[in-house]
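Structure record follows, encoded as structure tokens.
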Amino acid sequence: MTTLADLQVATLGPCQYDSPLSSYVAGRQTNEYYVSETDRVLYDDTVDLLSGRTDPIDQWPSFETGGPRARIFHDPATMHVGVVTCGGLCPGLNDVIRAVTLELYTHYGVTQVTGFRNGYAGLVPDLGFEPVTLTPQLVGAINERGGTILGSSRGAQDPVVIVDRLVELEIDALIVIGGDGSMHGAHKIVQEISRRGLPIGVVGIPKTIDNDIPHIGQSFGFATAFGEAAKAIAAAHIEAESAENGVGLVKLMGRHAGFIACYAALANHDADFVLIPEVPFALDGENGLLRSLARRVTNHGSAVIVLAEGAGQEHTVETGKSDASGNSRLGDIATILRDAIEKDFRDRGVPLTLKFLDPGYGIRAVAADASDSVYCARLAQIAVHAAMSGRTDMVVGRRRHRFVHVPIPLVISRRHSVAPDGDLWLSVLESTAQPLDMS
Ligand code: ATP
Ligand code: MG
Numbered sequence: 009m010t011t012l013a014d015l016q017v018a019t020l021g022p023c024q025y026d027s028p029l030s031s032y033v034a035g036r037q038t039n040e041y042y043v044s045e046t047d048r049v050l051y052d053d054t055v056d057l058l059s060g061r062t063d064p065i066d067q068w069p070s071f072e073t074g075g076p077r078a079r080i081f082h083d084p085a086t087m088h089v090g091v092v093t094c095g096g097l098c099p100g101l102n103d104v105i106r107a108v109t110l111e112l113y114t115h116y117g118v119t120q121v122t123g124f125r126n127g128y129a130g131l132v133p134d135l136g137f138e139p140v141t142l143t144p145q146l147v148g149a150i151n152e153r154g155g156t157i158l159g160s161s162r163g164a165q166d167p168v169v170i171v172d173r174l175v176e177l178e179i180d181a182l183i184v185i186g187g188d189g190s191m192h193g194a195h196k197i198v199q200e201i202s203r204r205g206l207p208i209g210v211v212g213i214p215k216t217i218d219n220d221i222p223h224i225g226q227s228f229g230f231a232t233a234f235g236e237a238a239k240a241i242a243a244a245h246i247e248a249e250s251a252e253n254g255v256g257l258v259k260l261m262g263r264h265a266g267f268i269a270c271y272a273a274l275a276n277h278d279a280d281f282v283l284i285p286e287v288p289f290a291l292d293g294e295n296g297l298l299r300s301l302a303r304r305v306t307n308h309g310s311a312v313i314v315l316a317e318g319a320g321q322e323h324t325v326e327t328g329k330s331d332a333s334g335n336s337r338l339g340d341i342a343t344i345l346r347d348a349i350e351k352d353f354r355d356r357g358v359p360l361t362l363k364f365l366d367p368g369y370g371i372r373a374v375a376a377d378a379s380d381s382v383y384c385a386r387l388a389q390i391a392v393h394a395a396m397s398g399r400t401d402m403v404v405g406r407r408r409h410r411f412v413h414v415p416i417p418l419v420i421s422r423r424h425s426v427a428p429d430g431d432l433w434l435s436v437l438e439s440t441a442q443p444l445d446m447s
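243 is the number that this note's numbering gives to position 235 of the sequence shown; each next residue is one higher, with no gaps.
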């Protein structure tokens with residue numbers, strides 16, 4: 009169970025400076041603009057959960073509120089901020105880089121903003137990636153393009169070397185935009201900084217196209233991603249409908265969590281089967297995929313299967329391989345399904361037109377949609393406020409429309425995934441033709 013202690017965010021020390029944002033609050037009650045350091049966002053969000061608590065209110069688990077503070081830790085005149093993007097691409101990375109830079113320059117008057125190139129590799133001098141100076145001119149319209157202007161990478165880097173580099177460049181705060189692996193890396197950097205007793209903050213902006221980081225609400229780029237994925241499902245549906253016994257098989261991202269598959273399927277109701285890592289399915293048997301698919305095609309003439317890449321791993325052979333960051337390579341469930349479906353139709357003497365769509369990289373590379381752009385900009389601003397106030401070892405998130413600070417150890421302690429007995433999966437079952445239990 010998550011306790012109040014798990015939600016305490018570390019700081020570098022007392023705040024000694026007045027925020028330069030004060031000019032924005034002239035003539036207003038400052039408490040309308042600045043967040044209170046004592047007001048917190050409750051972790052539990054239902055009456056039943058709260059009334060079940062027996063401990064005093066001041067022990068109830070709650071998050072630190074994100075937003076601008078009246079007093080800050082770092083002196084904006086001398087502050088130097090580093091920014092790095094790590095891991096796979098996700099819509100909105102450039103929006104975040106842009107908003108971090110603009111918030112620092114225009115609101116705080118911080119003019120030293122350095123972008124490290126190609127992920128954590130950019131903080132390792134021997135690898136030879138020169139940092140770039142981020143200015144409002146440079147980041148001007150970068151949000152119109154997908155990807156990250158800073159580049160990204162996988163692969164382990166030594167936190168000792170990274171902290172040496174931060175010290176050498178006199179960086180006061182490092183903003184890490186990355187996924188679960190990057191946050192593991194960020195925590196190791198924090199540990200090395202603490203070991204040396206340095207006043208350098210590390211603030212994360214969680215990036216996960218799969219939406220599988222816990223406690224942060226919805227991740228940026230996720231909505232753009234499932235919107236693009238829904239277009240692929242619609243295309244598969246048209247292909248399937250236009251052929252004799254057409255079957256569309258759409259492979260989507262989702263190594264450990266099937267959120268993209270679920271939301272994309274719900275977006276246009278074209279999917280007849282949704283297969284995700286959290287819910288096992290059988291190929292054979294009365295309610296297995298093959299017979300369920302055969303029934304659907306017999307009755308409706310076509311079918312669409314949406315497959316998260318991490319689904320049905322029990323049907324694959326373990327690859328035993330991993331990428332540069334140590335993430336295990338998944339078994340190829342898409343090929344196994346294609347082969348099994350083709351064999352099943354062949355064995356039954358039924359013609360089949362199977363179309364396989366894998367829009368993966370095309371989804372990761374698109375620019376954020378308008379809603380995600382707004383979200384990216386606001387998350388970036390919250391991260392800058394946190395960094396200025398001396399927060400460290402934390403990420404920003406948005407729960408129930410409130411921006412919050414979440415300690416990094418908490419977000420890397422587990423993964424967020426689709427609950428097989430939860431309301432999202434029930435919505436998926438209601439909008440597809442698949443049996444409640446396909447296992
Ligand atoms: P995504 O999986 O969403 O693409 P990610 O941040 O998880 O993003 P990774 O490639 O796993 O992507 O990690 C990015 C960076 O973080 C890499 O440089 C990697 O070495 C570092 N990293 C990953 N896991 C760890 C870890 N356990 N400890 C320290 N550093 C790590
Ligand atoms: Mg990862």
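Built from N, CA and C at the ideal position, the CB exists for glycine as well.
{"Query": "Sub-8 Å separation of P139 and T122 beta-carbons", "Result": "yes"}
{"Query": "Neighbour-count burial assignment, N307, 16 or more Cβ in a 10 Å radius", "Result": "exposed"}
{"Query": "Neighbourhood of R337 by C-beta distance below 7 Å, restricted to the same chain and skipping five residues each side", "Result": "T327, K329, S330 and D331"}
{"Query": "Under the three-state DSSP convention, the category F281 falls into", "Result": "strand"}
{"Query": "Span of the alpha helix (DSSP H) around A332", "Result": "A332 -> no alpha helix (DSSP H), and no H or E assigned at all."}
{"Query": "Chain-ordered residues, beta carbon under 5 Å from a heavy atom of the ligand MG", "Result": "G187, D188 and G189"}
{"Query": "Where K215 sits in the DSSP three-state scheme", "Result": "coil"}
{"Query": "Endpoints, alpha helix (DSSP H) assigned at L297", "Result": "L297 to H308"}
{"Query": "CA-to-CA distance, V210 to A18, given in whole angstroms", "Result": "10 Å"}
{"Query": "Under 8 Å between C-beta atoms of R77 and Y25", "Result": "no"}
{"Query": "Closest Cα partner of V147 within the set Q16, A238, T109 and L177", "Result": "T109"}
{"Query": "Residues near P167 by beta carbon distance below 8 Å, same chain, minus five either side", "Result": "G193, K196, I197, Q199 and E200"}
{"Query": "Residue span of the alpha helix (DSSP H) that contains F289, given as start and end", "Result": "Segment: none, F289 is in no alpha helix (DSSP H) and carries neither H nor E."}
{"Query": "Span separating the alpha-carbon of D380 from that of R173", "Result": "33 Å"}
{"Query": "Y271 CB to nearest heavy atom of the ligand ATP below 7 Å", "Result": "no"}
{"Query": "For S250, the three-state DSSP class (helix, strand or coil)", "Result": "coil"}
{"Query": "Enclosing beta strand (DSSP E) for I185 [first to last residue]", "Result": "A181 to G186"}
{"Query": "Validate contact between the region 242-258 and the region 207-224 using beta carbons, cut 8 Å, 3 pairs", "Result": "no"}
{"Query": "With 16 other Cβ atoms within 10 Å as the buried cut-off, status of R304", "Result": "buried"}
{"Query": "The alpha helix (DSSP H) enclosing R406, as first and last residue numbers", "Result": "Looking at the DSSP string, R406 is not in any alpha helix (DSSP H); the run it does join, the beta strand (DSSP E), is M402 to R407."}
{"Query": "Segment contact flag, the region 150-162 with the region 85-102, C-beta cutoff 8 Å, min 3 pairs", "Result": "yes"}
{"Query": "Where the beta strand (DSSP E) containing Q389 begins and where it ends", "Result": "Segment A378 to M396 is the alpha helix (DSSP H) holding Q389; no beta strand (DSSP E) there."}
{"Query": "Residues near T11 in its chain [Cβ-Cβ closer than 7 Å; skip 5 each side]", "Result": "P69"}
{"Query": "C94 Cβ short of 7 Å to the ligand ATP heavy atom set", "Result": "yes"}
{"Query": "Neighbourhood of S425 by C-beta, 7 Å cutoff - its chain only, sequence neighbours within 5 removed", "Result": "D220, H264, A265 and E286"}
{"Query": "Neighbour-count burial assignment, G127, 16 or more Cβ in a 10 Å radius", "Result": "buried"}
{"Query": "Nearest residue (CA-CA) to L298, options V358, I246 and A243", "Result": "V358"}
{"Query": "Sheet register partners of A311 (DSSP bridge)", "Result": "V255"}
{"Query": "Spatial distance of A7 from F353 (CA atoms)", "Result": "Coverage of the chain is limited to positions 9 through 447, which leaves residue 7 absent and any answer about it impossible."}
{"Query": "First and last residue of the uninterrupted beta strand (DSSP E) at G123", "Result": "Q120 to F124"}
{"Query": "DSSP bridge partner residues for S70 (one or two, in chain order)", "Result": "L50"}
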